[in-house]
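Reviewing the structure listed below.
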Amino acid sequence: MTTDDSSALSDGEALSLTTASPCFSSNAVFALARHMAVEYFDSGALLLDLRTRTMTELDSRESWILGHLNGQHAAGQLAEDYAAASALSHDEAVSKVQATCEKLLRAQSLRLVRGSWKGYIMDLVRYIQNPDVNLREEDEDGALLFNPDTDRVQLLNSTGLYIWKLCTEGRTVSDIVAAFKAEFDDVPEEEVTADVEEFINQMVDSGFIGTLEKP
Amino acid sequence: MPTQPLKMPTSVIIALTGRCNLRCKYCFYADEMVALSDLPTETWLAFFEELRDEGVMRVTLSGGEVFTRRDLWELVDGIVRNKMRFSILTNGTLITDDVVSRLHGYRRRMDYIQVSVDGSCPETHDGIRGKGSFRRTMRGIAALGKHKLPWTVRVTVNKLNIYDLEATVHMLYYDLGLRSFGVNEAFPRGAGQCNQSILDMTPEERRLSFRVMQAFDREHPGVASGSQAGPLVMANHLDKIAHACETGEFAVPYRTGYLTGCNIMWQKLSVLHDGTYVPCHQLPHITLGTVSRDSLRDVWQSSPGLRQLRERHKIPLESIPHCQGCEYQQYCTGGCPGIAYAMTGEVNTINPRDCYRAYVGEDRVYAY
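Protein sequence lines, in the order shown, are assigned to chains A and B.
Take the first sequence: its position 113, counting from 1, is numbered 113 in our numbering, and each next residue is one higher.
Take the second sequence: its position 117, counting from 1, is numbered 332 in our numbering, and each next residue is one higher.
Below, the structure is given as structure tokens:
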């Protein structure tokens, strides 16, 4: 589910990039957001946002990079590949891939498949429960989620249930990690961040949690 | 067998109405339920909210005939709004193109529409369900197929259609293109009990139903497995016992030697059309409470009737007078408690139709 439910944001509020530029040894693996369509040409590509019906033009270099953001290769590796495929130096290739990823993220054209784009994607996207999903709490140690549209069931342990309940309202990964740190003592931040990102990505892919975005 | 039930049932089977446009000779719901009144719309809608809050995932709507309820769409809206999936059991005669168009709007939440078909031709089907019903049921099925809705068929075999059973399953497979359906035997309750003398198959006829279904299953494996009981399930179980007697090999994924033939009391709950909770529509005399007066949670977790029924699996067959000394106990589960009650007046005993000793002609009481 992807929703642009503006009721979750106050008037004029926009999700923004609030942190420093990402480190480019990034293990972030991106793919085209589900609400985007793309048409490639010799000279570049046109991106169409199916929600807002707005188009973004990409030049041939950006088009090459987008074509390789296919949910399989980490962004850091992609920069290496781009340097090899183009006549650019390594630093120039890194810069171009980084700039293209940022441009596409700002346009909300990408989704994070796995890995992390630290301090960046974490505050760009807010996650919220799919309102059609029902929670069934079996006992203190866990619960299951039922998506009646897809007939899929997701088992949750107590940690997953805690995250699910946090996502009653739109929450960034940073929000969730901060809530964890406040609730539980002695949790290593990096480990928690990685676990939360993995859980959230899995829940988004299976449609139990959606992303709350506003251009 | 579970040691404790789920916190809540996963599925609830609701008889939405006691009204029906047909008068089928074997209907287990007819006659004895006629004095009860249908619950009003708002009570069902409030109940659906309760089901959502308790995490129930599916609702099966039956009757009576579901499509006689004028507020049906309002009720289905309530199910969908409350985050559940649904199925409908119907005779199919009221399903028109307009009805299917409405149903199509709920397709994402629909498990299946199950239509009753009791013969390959009007002579057989109408002989059980009333003149003109075959033509109208087939019209309903055609409409469901045209709109590609998930539909299936239940055949209820009895003395009035046993000699048409082979033609019926072939019609479903070859003419209607159905790839999943179920066949069960008529249940001796309600109208089915009143008409038992004309519905009960002879031992030879019951064996014929086994042969027909096993032959069809060999040709088309799994297609006729849509019923958890009935001639195919029974025939396969009896074969396993025969094989075990010959070879000593017996492997089944359930516990035997006790009254373990039914699990419904651990997973599902049923409601009559007046709002009475029952463990199963085949056990309507075990009343557990009433919708809107008693909470689903209290009924599921605390009602004495369900507790007793959940103890049933601890009863060894050796303690049942009829089964004492039976050499086949080790292979037996006692079968459906609903049929056991309908045929013997007791819940905590075996279903005589499932008795292997009777099947091989060694029983003093039951003939097969």
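In this text, a Cβ means the ideal position worked out from N, Cα and C, and glycines have one as well.
All of these numbers come straight from a predicted model, not from anything done at the bench.
Selection Glu-561/B, Met-248/B, Ser-302/B evaluated against Met-272/B yields Ser-302/B as nearest (Cα-Cα). DSSP assignment within the segment 124-202 of chain A yields the following whole beta strand (DSSP E) runs of 3 residues or more, N-terminal first: 126-129, 134-139, 142-147, 152-157. Assignment of Thr-56/A by DSSP, reduced to helix, strand and coil, places it in the strand class. Cα atoms of Leu-66/A and Trp-366/B: separation of roughly 44 Å, rounded to the nearest angstrom.
With respect to the 8 Å criterion, Leu-524/B and Pro-494/B are classified as neighbours on the basis of their beta carbons. Using a CB distance cut-off of 8 Å, Arg-300/B counts as an interface residue toward chain A. By the C-beta criterion, the segment 289-303 of chain B is judged not to be in contact with the segment 532-541 of chain B, since fewer than 3 inter-stretch pairs fall below 8 Å. Within a 10 Å sphere around the beta-carbon of Lys-240/B sit 16 or more other beta-carbons, which makes this residue buried.
One Cα belongs to Val-575/B, the other to Ala-450/B, and the distance between them is close to 13 Å. In terms of Cα proximity to Lys-103/A, the closest of Arg-61/A, Arg-136/A, His-90/A is Arg-61/A. Just so you know, the alpha carbons of Ala-37/A and Gly-76/A end up roughly 24 Å apart. For Ser-277/B, the enclosing beta strand (DSSP E) starts and ends at 273-277. Listed by position along chain A, the residues whose Cβ is nearer than 7 Å to that of Arg-322/B form an empty set, because the closest Cβ is around 10 Å away. The beta carbon of Ser-335/B is closer than 6 Å to those of Asp-379, Ala-382, Thr-383, Met-386 in its chain, skipping five residues each way along the sequence. Burial state of Met-299/B is buried, judged by a 10 Å Cβ sphere holding 16 or more other Cβ atoms. Val-330/B is bridged by DSSP to Thr-305/B, Val-368/B. The C-beta of Arg-34/A comes no closer than 8 Å to any C-beta of chain B. About 3 Å separates the beta carbons of Ser-442/B and Gly-397/B, which is inside the 8 Å limit, making them a contact pair. The segment 302-313 of chain B and the segment 251-266 of chain B do not touch, with fewer than 3 CB-CB distances between them shorter than 8 Å. Taking CB atoms only, Met-272/B has a neighbour in chain A less than 8 Å away. Excluding five sequence positions before and after Val-177/A, the CB atoms of its chain that fall closer than 7 Å to its own CB belong to Glu-189, Val-192, Thr-193, Val-196, given in chain order. A Cβ-Cβ distance of about 7 Å is found for the pair Thr-275/B and Ile-229/B, placing them in contact under the 8 Å criterion. Excluding five sequence positions before and after Ile-377/B, the CB atoms of its chain that fall closer than 7 Å to its own CB belong to Met-416, Glu-420, Leu-423, Ser-424, given in chain order. The criterion of a C-beta distance shorter than 8 Å is not satisfied by Gly-170/A and Leu-155/A. Linking Ala-459/B to Tyr-571/B through their CA atoms gives a straight-line distance of about 12 Å.
Shown here, Leu-290/B sits in a helix according to DSSP, grouped into three states.
Of Thr-471/B, Glu-265/B, Cys-242/B, the smallest CA-CA separation from Asp-509/B is found for Glu-265/B.
Using a Cβ-Cβ cut-off of 8 Å, Phe-146/A counts as an interface residue toward chain B, since at least one Cβ of chain B sits closer than that to its own. With respect to the 8 Å criterion, Val-281/B and Asp-333/B are not classified as neighbours on the basis of their beta carbons. Looking at His-500/B, Ala-357/B, Trp-288/B, the one whose alpha-carbon comes closest to that of Leu-393/B is Ala-357/B. Counting only runs that start and end inside the segment 25-93 of chain A, the alpha helix (DSSP H) elements of at least 4 residues fall at 60-68, 75-85. Ile-228/B has Thr-275/B, Ser-485/B as its beta-bridge partners, per DSSP. Taking the Cα of Ile-565/B as reference, the smallest distance to any Cα among Met-353/B, Leu-484/B, Arg-426/B, Cys-477/B is reached at Cys-477/B.
Cβ proximity to chain B below 8 Å picks out Asp-132, Val-133, Asn-134, Leu-135, Arg-136, Glu-137, Glu-138, Asp-139 from the segment 126-142 of chain A.
Neighbourhood of Arg-267/B in chain A, by CB distance below 7 Å: Asn-134, in chain order.
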